[in-house]
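Enquirer:
Written out as structure tokens, the structure reads:
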């Protein structure tokens, strides 16, 4: 079992080989002043995820859970299928020039279907971004993943997380709701269809450059300022998500399907 390069804010991933990974709570340095609180936070996120996997069940749009859950620090942890093409953000950053419009629209539709499934089950993802969609299979299909920060009123679960900029609408209340995810979908669609984040020309920033960009994006979104969508395939759907013209993910999916049909694609 060896640690993988990617990690979340509360979790660490290890490869078990043969296409399986294990997700465990990230260990906290014992000298940290907030050691106990952080340890509990990391365990709670994984427990929320475990319960949501049970609620959601098996579905082609959800990353498959492999062999159940046997404690937060057990070797098994939460065992998941490994996506052989990594996450969608990295895939677009690496292969953007080779990605055709039909594949981009397939991803838009699959990203929407995944969220519609969650909402149908009473789950708000609340951390939608391209890193939380995984690319797998020879057909480059998507799985949605990472439910540790999600909200589910039916189960009394609240991961108390909100999306990072530019996938969050600072005009909304700071709470998880269907509108949280629908706005995020607008920025996800924009990134899939253009190859870059809203208000960003160039590759995805990291480190301090990322923090500076996120501060800029937050300010612009708070002022209701969005990129020019004229000439962008799917601009009307993106605008509808950003400006809350859709009340439900079902409405978003209907708009996406209509846009795909108008492009002449069949999916």
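Residue numbers (the working numbering): 30 to 296.
Glycine included, C-beta positions come from ideal geometry on N, C-alpha and C.
1) What residue from 79, 295, 41 and 58 has the CA that sits closest to residue 184's CA?
2) Determine the direct distance from the alpha carbon of residue 172 to that of residue 89, and round the result to whole angstroms.
3) Just to confirm my understanding: we take residue 156, look at its own chain, exclude 5 residues before and 5 after, and list those with CB closer than 7 Å. What are they?
4) Assuming residue 116 and residue 85 are in contact, meaning their beta carbons sit under 8 Å apart, how far apart are those beta carbons, in whole angstroms?
5) Quick check: the Cα distance between residue 203 and residue 251, rounded to an integer number of angstroms?
6) Per DSSP, which one or two residues make a beta bridge with residue 321?
7) What are the uninterrupted segments assigned as alpha helix (DSSP H) that are 4 or more residues long and contained completely in the segment 178 to 235, given in chain order?
8) Taking the runs of the beta strand (DSSP E) that are 3 residues or longer, which of them lie wholly in the segment 39 to 123?
9) Indicate the three-state DSSP secondary structure (helix, strand or coil) for residue 165 in the structure shown.
10) Have a look at the DSSP bridge pairing and note the partners of residue 249.
11) Pull the bridge partners of residue 134 from the DSSP assignment, please.
12) Buried or exposed: residue 136, going by 16 or more other Cβ atoms within 10 Å of its Cβ?
13) With a CB to CB cut of under 7 Å and the five nearest residues on each side skipped, what residues in its chain are close to residue 258?
14) In the DSSP assignment, the beta strand (DSSP E) including residue 173 goes from what residue to what residue?
15) Check whether the Cβ atoms of residue 278 and residue 141 lie closer than 8 Å to each other.
16) Which class does residue 261 belong to by DSSP, given the choice of helix, strand or coil?
17) What is the rounded straight-line gap between the Cα of residue 293 and the Cα of residue 261?
18) Does the beta-carbon distance from residue 51 to residue 68 come in below 8 Å?
19) Provide the residue span of the alpha helix (DSSP H) that contains residue 286, from first to last.
20) Grouping DSSP H, G and I as helix and E and B as strand, with all else coil, what is residue 153?
21) Use the C-beta contact count for residue 281: other C-beta atoms within 10 angstroms, 16 or more gives buried, fewer gives exposed.
22) Using C-beta distances below 8 Å, list every residue in its chain close to residue 4, excluding the 5 sequence neighbours before and after it, in chain order.
23) Assign residue 161 to one of two classes, buried (16 or more other C-beta atoms within 10 Å of its C-beta) or exposed (fewer than that).
24) Less than 8 Å separating the beta-carbons of residue 242 and residue 229?
25) Would you call the CB atoms of residue 210 and residue 154 closer than 8 Å?
Expert: In terms of the structure at hand:
1) 79
2) Roughly 7 Å separates the two Cα atoms.
3) 175, 178, 190 and 192
4) So it is not a contact: roughly 19 Å between Cβ atoms.
5) 13 Å
6) Outside the shown range of the chain, which is 30 to 296, sits residue 321, and nothing can be said about it.
7) 207 to 223
8) 40 to 46, 49 to 54, 94 to 98 and 107 to 110
9) DSSP places residue 165 in strand when its eight states are reduced to three.
10) According to DSSP, residue 249 bridges with nothing at all.
11) Answer is none; residue 134 lacks a bridge partner.
12) Under a 10 Å Cβ-count criterion, residue 136 is classified as buried, with 16 or more other Cβ atoms of the shown protein chains found around its own Cβ.
13) Around residue 258: 264, 267 and 268.
14) 170 to 173
15) yes
16) It is coil, neither helix nor strand.
17) 16 Å
18) No, Cβ-Cβ distance for residue 51 and residue 68 is not below 8 Å.
19) 278 to 292
20) strand
21) It is buried - the Cβ of residue 281 has at least 16 other Cβ atoms within 10 Å.
22) Residue 4 is absent from the model: the chain starts at 30 and stops at 296.
23) buried
24) Yes. Within cutoff.
25) yes
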